[in-house]
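**Q** Chains as they are written, first to last, in our numbering: chain A, -6 to 93; chain B, 4 to 490.
All C-beta atoms in this analysis are idealised placements derived from N, C-alpha and C, irrespective of residue type, glycine included.
Given the structure is predicted, the values throughout are model-derived calculations rather than measurements.
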Amino acid sequence: MSSIKSIVDIPTVNKIARLARLEILEKNKQNLTNDLNNILEFVAQLNEVDTSNVEPLASVTGHKLPLRNDEVTDGNIGELVLQNAPETSSGFFVVPKVIE
Amino acid sequence: MSDFLKLDLLGASIALKNKEISSVELTNAYLNAIEKTSSLGAYLDVQADYALEMANRSDKKIQQGTAGPLEGIPIGVKDMFCTKNIKTTASSKILENFYPTYESTVTQNLWNDGAVMLGKLSCDEFAMGSSNETAAKGNVINPWSKTNPMSPGGSSGGSAAAVAARSALAATGTDTGGSIRQPAAFCGITGLKPTYGRCSRWGIVAFSSSLDQAGPLTRTVSDAALMLNSMAGYDVKDSTSANISMPDLMTYLDNSIKGKKIGIPKEYTQDGISQDIMKFYESSISWLKDSGAEIVPVSLPHTKYALPVYYIIAPAEASSNLARYDGVRYGVRNEAATLDEMYELTRGNGFGDEVKRRIMIGTYVLSSGYYDAYYLKAQKVRRLIKEDFENVFKNVDYLLTPSTPTTAFELGQKQDPLTMYLNDIFTVPASLAGVPGISIPVGLDNSGLPVGVQLIANSFDEPGLINVARTLEKCADFNLIPDGAAK
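#1: Using C-beta distances below 6 Å, list every residue in its chain close to Gly71/B, excluding the 5 sequence neighbours before and after it, in chain order.
#2: Could you tell me which chain B residues have their CB closer than 7 Å to the CB of Pro23/A, listed as they occur along the chain?
#3: On the CB-based measure, 16 or more other CB atoms within 10 Å of its CB, does His305/B come out buried or exposed?
#4: If we require 3 or more residues per run, which beta strand (DSSP E) segments fall completely within the region 282 to 347 of chain B?
#5: Closer than 9 Å, CB to CB, is Ile(-3)/A near chain B or not?
#6: Helix, strand or coil for Ile484/B, going by three-state DSSP, please let me know.
#7: What does the alpha-carbon distance come out to for the pair Leu58/A and Pro152/B?
#8: Chain A beta carbons: is any one of them nearer than 9 Å to that of Pro103/B?
#9: Determine, for Val65/A, whether the minimum Cβ-Cβ distance to residues of chain B falls below 9 Å.
#10: Can you tell which of Pro453/B, Lys96/B and Val399/B has its C-alpha closest to the C-alpha of Gly297/B?
#11: Between Asn62/A and chain B, is there a C-beta pair that is closer than 9 Å?
#12: Assuming Phe189/B contacts Ser154/B (C-beta within less than 8 Å), just tell me the rounded distance between them.
#13: For a quick check, are the C-beta atoms of Ile315/B and Tyr401/B less than 9 Å apart?
#14: Would you say Ala51/A and Ser213/B are within 9 Å of each other, going by their C-beta atoms?
#15: Could you check if Asp2/A is buried or exposed, using at least 16 other CB atoms within 10 Å of its CB as the buried criterion?
#16: Which chain B residues sit within Cβ distance under 7 Å of Asp2/A?
#17: State the start and end residues of the unbroken beta strand (DSSP E) segment that holds Gly181/B.
#18: Looking only at its own chain, which residues have a Cβ that is under 7 Å from the Cβ of Lys140/B, when we skip the five neighbours before and after it?
#19: Return the chain-ordered list of same chain residues with a C-beta closer than 6 Å to the C-beta of Arg327/B, the five sequence neighbours on each side being excluded.
#20: Applying the 10 Å Cβ sphere with the 16-neighbour rule, what's the burial state of Arg336/B?
#21: Quick one: which chain A residues come within Cβ less than 8 Å of Ile362/B?
#22: Kindly list, in the order they appear in chain B, the residues whose Cβ is closer than 9 Å to that of Asn31/A.
#23: Once the 5 residues before and after Leu34/B are set aside, which same chain residues still bring their CB inside 6 Å of it?
#24: Per DSSP, Gly440/B forms a beta bridge with which residues?
#25: Tell me the DSSP secondary structure of Glu64/A in three-state form.
#26: Give the C-beta separation of Tyr53/B and Cys85/B to the nearest angstrom, bearing in mind that I take them to be a contact with Cβ-Cβ under 8 Å.
#27: Should Met281/B go down as buried or exposed, given a rule of 16 or more other Cβ atoms within 10 Å for buried?
#28: Taking only runs that begin and end inside the region 110 to 197 of chain B, name each unbroken beta strand (DSSP E) of 3 or more residues, in chain order.
#29: Using DSSP bridges, identify the partner residues of Pro268/B.
#30: 9 Å is my cut-off, CB to CB: does Asn40/A come that close to chain B?
#31: Starting from the Cα of Asp427/B, find the closest Cα among Pro77/B, Val445/B and Thr404/B and give me that residue.
#32: To the nearest angstrom, how far is it from the Cα of Ala167/B to the Cα of Thr54/A?
#33: Please decide whether Lys90/A counts as near chain B, where near means a Cβ-Cβ distance under 9 Å.
#34: Please name the residue in Thr410/B, Ser211/B, Val384/B and Val471/B whose C-alpha comes closest to that of Ala319/B.
#35: Can you tell me whether DSSP reads Ser233/B as helix, strand or coil?
#36: Would you say Ile89/B and Met120/B are within 9 Å of each other, going by their C-beta atoms?
Printed below as a string of structure tokens:
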């Protein structure tokens, strides 16, 4: 059984924030680190539970994901799709220039 | 109080059908009530013209004899439901300019049945919170507040406050870990979270997809039955929607509960629970017993692990669901030189603190090296929690528990996230198991604040749940109106 043992520090917070593409202001990092540690410490009590023969439960429905016929059900709504976009051009979403 | 506001949903719908009142009159009375109670902050957006247009249409349908089950009934909609061409923000800054081009299935079902939309109701940001204080536009005030402003609970705080304050005849809510039942308890009204899959999630802003479920907040159990009758239904657009038909709940309301077995779980009465709540909980047990039910002590041994499981699974799913807010397709964008910086600034500026905390926790527990220890572990314990319910429902028909460990608290009182999370201790287990639960008001505590108790049923037994809830409601006979309600 894997065990929960980890302490989050500011470099870890930076790494997680980067993975989540989430800017965290410098002045908030210590508080956030403390909050995350408190929460992780709280959830660590799950370690008390023996789950060695338990299958993970992802969905309570118990039914199989339904399939449908592979046919077009909508479309030709490009204008609606773009309607809420911050910036568009000629029927496309516009993002800052990406050069790698 | 205006005579119109005195009618509950069932009463109003009978009066409308008998042409004693018109929907335009009723809707005007509610628009007026919204104005009078505006200091509560329940509404983010009032759609007066649209509401009157819908009311007019309803009046015509009633005249023509083609009225739907909710024809002409003015309701409020939690801002988590996408409403076509009407701003839908999920109480977040990042969606402050979002106008959906489609209508959620649940709200469409309501409009198809004749309901009239008054406007959009405040909630915690992306439904993440238990006090409505994480809303970008500020908190909502509980109409039961005495000297200091109290929280209406959350996340459906605006919905609960509006129904309690008589500024909506009913409201929609969403419940992921207690977001319908806890605010209903705090505001002295009825809140029903159906079985997972009963109501389509299509068009509802996603928070934690394996838990999110829509349901009604109403004055009475009958009103909840009427609302859920319309809200529920199979929907091909939601792959987790249940293809199981629900009978007309109204026909189950007044059945006898004689011989029904009500389980009293010992894990729900431990430390931290207020004396007043215990008192009313014990009265509720006696009432059900006096109504012919058999009271059976039961145990759901993994109950104490429900909150830790929830605070891994819900943030994990949220961090994934909220990845879509990237400043590209909809919502607010903060300009930056590179794409990654644009994402980071947009999300950093657009999300509030609680949402950021949950995205961080969720990203952490899903990240390489921690996935098994946290996320997978939580999913395994979730199965044990679900099995607890399956086992207990082999021996009893329903469970009776307190809805919340305390009654409403003052705004600004709970600063620490973990203290706030403990509010959902009695509502989270049913959410994890996917079973339906209802909170109904049973009395007032020493400070004059409402106390709720929760009934939980096995999956898809909403008819029975409604029946027992109605029985308990009759015994409790709670019919008080808060000082903050529209007069």
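**A** Once the coordinates are examined:
#1: Contacts found: Asp116 and Gly117.
#2: It should be pointed out that residue 23/A corresponds to Gln in this sequence rather than to Pro. Proximity of chain B to Gln23/A at the Cβ level (cut-off 7 Å) is not reached, the minimal Cβ distance being about 14 Å.
#3: Classification of His305/B: buried, given that the 10 Å Cβ count is 16 or more.
#4: 297 to 301
#5: Confidence is the limiting factor: at Ile(-3)/A the pLDDT is only 47, short of 50, which leaves the residue's position unreliable and the question unanswerable from this model.
#6: coil
#7: Cα-Cα distance, rounded: 46 Å.
#8: It does; some Cβ of chain A falls within 9 Å.
#9: no
#10: Strictly speaking, residue 297/B in this sequence is Glu, with Gly absent from that position. When each option's Cα is compared against that of Glu297/B, the closest is Val399/B.
#11: No, Asn62/A lies away from the interface with chain B (no Cβ there is under 9 Å from its Cβ).
#12: A Cβ-Cβ distance of about 7 Å is found for the pair Phe189/B and Ser154/B, placing them in contact under the 8 Å criterion.
#13: Contact flag unset, no.
#14: Yes, these two residues count as a Cβ contact at 9 Å.
#15: exposed
#16: Within chain B, no residue comes near Asp2/A; the closest Cβ sits about 12 Å away, beyond 7 Å.
#17: Neither: Gly181/B is in no beta strand (DSSP E) and is coded neither H nor E.
#18: Leu47, Ser94 and Ser125
#19: none
#20: By the neighbour-count rule (16 or more Cβ atoms within 10 Å), Arg336/B is buried.
#21: Ala13 and Leu15
#22: Asp419, Pro420 and Leu421
#23: Ala51
#24: Lys196/B and Ile459/B
#25: coil
#26: At roughly 15 Å, the Cβ-Cβ gap does not stay under 8 Å, so Tyr53/B and Cys85/B are not in contact.
#27: Exposed, by the Cβ-count rule.
#28: 119 to 124, 173 to 178 and 193 to 196
#29: Val301/B
#30: yes
#31: Thr404/B
#32: 33 Å
#33: Interface residue, yes.
#34: The alpha carbon of Ala319/B has as its nearest neighbour, out of Thr410/B, Ser211/B, Val384/B and Val471/B, the alpha carbon of Ser211/B.
#35: helix
#36: yes
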